[in-house]
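Participant: What the sequence shown shows, in my numbering, is residues 1 to 92, in sequence order.
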Amino acid sequence: MKNKGYIIIATTILLLIPLISMQFTTEVNWTPIDFVAAGVLLLSTGLLCEWTLRKIPKMKYRIVICLSLLIILILIWTELAVGIFGSPISGT
Numbered sequence: 001m002k003n004k005g006y007i008i009i010a011t012t013i014l015l016l017i018p019l020i021s022m023q024f025t026t027e028v029n030w031t032p033i034d035f036v037a038a039g040v041l042l043l044s045t046g047l048l049c050e051w052t053l054r055k056i057p058k059m060k061y062r063i064v065i066c067l068s069l070l071i072i073l074i075l076i077w078t079e080l081a082v083g084i085f086g087s088p089i090s091g092t
């Protein structure tokens, strides 16, 4: 996987945003577990999309699978952030 380094760098940069924000405001209050969860979600989604782009031959299927992965990422992220669906993983 050639782009594995880029995915790791992008994940790190995205995780630096809340870390830097926490230094300037009290509105952002992440715990280490939040950073681990976000890192796992972002890294796994990026690596799965990369794997899909390399292994699936048809462009139509690549697009559908990567969009599905992104939608799943967004749904899990929002559930963990605000508990929009009220599932047990959100703590409600």
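We treat Cβ as the ideally placed atom computed from N, Cα and C, and that holds for glycine. The structure presented is a predicted model; accordingly, all values stated were derived computationally and were not measured.
#1: When the Cα atoms are used, what is the spatial distance from residue 69 to residue 32?
#2: Do the CB positions of residue 7 and residue 50 come within less than 9 Å of each other?
#3: Kindly give me the distance between the Cβ atoms of residue 89 and residue 79, rounded to whole angstroms, as I take these residues to be in contact under 8 Å.
#4: Using the Cβ count rule (16 or more neighbours within 10 Å means buried), how would you classify residue 5?
#5: Do you know whose CA, among 38, 44 and 25, lies nearest residue 14's CA?
#6: Going by the CB atoms, is the gap between residue 42 and residue 11 shorter than 9 Å?
#7: Residue 65 and residue 56 look like a contact to me (Cβ under 8 Å); what is the Cβ gap, rounded to whole Å?
#8: Going by CA-CA distance only, name the one from 25, 36 and 63 that's closest to residue 48.
#9: Can you tell me the Cα-Cα spacing of residue 3 and residue 28, whole angstroms?
Facilitator: Reading from the atomic positions:
#1: On the sequence shown, residue 69 is found 69 positions in, with the first residue counted as 1. On the sequence shown, residue 32 is found 32 positions in, with the first residue counted as 1. Roughly 25 Å between the two C-alpha positions.
#2: Here residue 7 refers to the residue found at position 7 of the sequence shown. Here residue 50 refers to the residue found at position 50 of the sequence shown. Yes, Cβ-Cβ distance for residue 7 and residue 50 is below 9 Å.
#3: As a position in the sequence shown, residue 89 is number 89, starting the count at 1. As a position in the sequence shown, residue 79 is number 79, starting the count at 1. About 6 Å; that satisfies the 8 Å criterion.
#4: Stepping through the sequence shown from its first residue, residue 5 is reached at position 5. So residue 5 ends up on the exposed side.
#5: By 1-based counting over the sequence shown, the position of residue 14 is 14. Distances from the CA of residue 14 to each of 38, 44 and 25 were compared; the closest alpha carbon is that of 38.
#6: The residue given as residue 11 occupies position 11 in the sequence shown. The residue given as residue 42 occupies position 42 in the sequence shown. Their beta carbons are under 9 Å apart, which means residue 11 touches residue 42 by this criterion.
#7: Here residue 65 refers to the residue found at position 65 of the sequence shown. Here residue 56 refers to the residue found at position 56 of the sequence shown. Contact flag correct, Cβ pair sits at about 6 Å.
#8: On the sequence shown, residue 48 is found 48 positions in, with the first residue counted as 1. The shortest C-alpha separation from residue 48 is found at 63.
#9: For this step, residue 3 is matched to residue 3 along the sequence shown. For this step, residue 28 is matched to residue 28 along the sequence shown. Going from the Cα of residue 3 to the Cα of residue 28 covers about 30 Å.
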